[in-house]
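Numbering (this note's numbering), first residue to last: 114 to 324.
Structural data, given as structure tokens:
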């Protein structure tokens, strides 16, 4: 068997057996008794409760359920990240009143790419992604026929080293017939706080209601 293929599988087995990593976190906004959208939050260093807390205003304003994936992070095998993201997805669906047709995922930089990858690999599980300053490394996994009803909110900076990559992602998604938008703001490769995440979630929320 190909060693390059078996290596991530061995790490995956170890992760399953020994439960490495920090716990994931969930937030249900007040009065959330009926199915509603959800957002899985990723972080370059592994999403924490602080990441969840910084986005609670999004949940309270839009009525979304939030979840964090603690194990997904940069400089880790993307397939292991994907496994742990889907484990969070399974908990989200099993334990909370989630509208399964409106589950989104958000990440910055390398985890923005991971967010795109999640939608490409699991189009039946995610409605779309919010990717900030990501690159186009996952585009080879995109299957246009599976993305026609998906939503993508892309953000880059005018001096971001991934700016051109975002232009390419935007072009491919448009050609695939998705509903996507690309926002280019001033600055370099850097996060700019919850406000632009909130704006992205508002756009996603509005688009799902129009479809």
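In this text, a Cβ means the ideal position worked out from N, Cα and C, and glycines have one as well.
Counting C-beta atoms within 10 angstroms of its own C-beta, residue 150 has 16 or more neighbours from the protein chains shown and is therefore classed as buried. Spanning the alpha carbons of residue 158 and residue 193 requires a straight line of approximately 14 angstroms. The stretch 127-204 contains, as complete alpha helix (DSSP H) runs of 4+ residues, the segments 162-167 and 169-175 (chain order). Restricting attention to 206, 224, 225 and 222, the CA atom closest to the CA of residue 216 is found in 206.
Residue pairing for residue 244: DSSP places it in a beta bridge opposite 220 and 267.
Our two residues, residue 177 and residue 272, have alpha carbons roughly 32 angstroms apart in a direct line.
Of 138, 286, 301 and 305, the smallest CA-CA separation from residue 295 is found for 286. The straight-line gap separating the alpha-carbon atoms of residue 182 and residue 288 is approximately 31 angstroms.
In this chain, the beta strand (DSSP E) harbouring residue 292 covers 292-298. By the criterion of a C-beta distance shorter than 6 angstroms, residue 321 is surrounded in its chain by 215, once the five residues flanking it on both sides are discounted. Counting the other CB atoms within 10 Å of its CB gives residue 270 a total of 16 or more, which places it among the buried residues.
Here residue 231 carries a helix assignment [DSSP, helix/strand/coil]. Of 291, 188, 141 and 247, the smallest CA-CA separation from residue 168 is found for 141. As a beta-bridge residue in DSSP terms, residue 211 pairs with 149.
For residue 284, the enclosing alpha helix (DSSP H) begins and ends at 276-288.
Annotated three-state conformation of residue 259 is helix, per DSSP.
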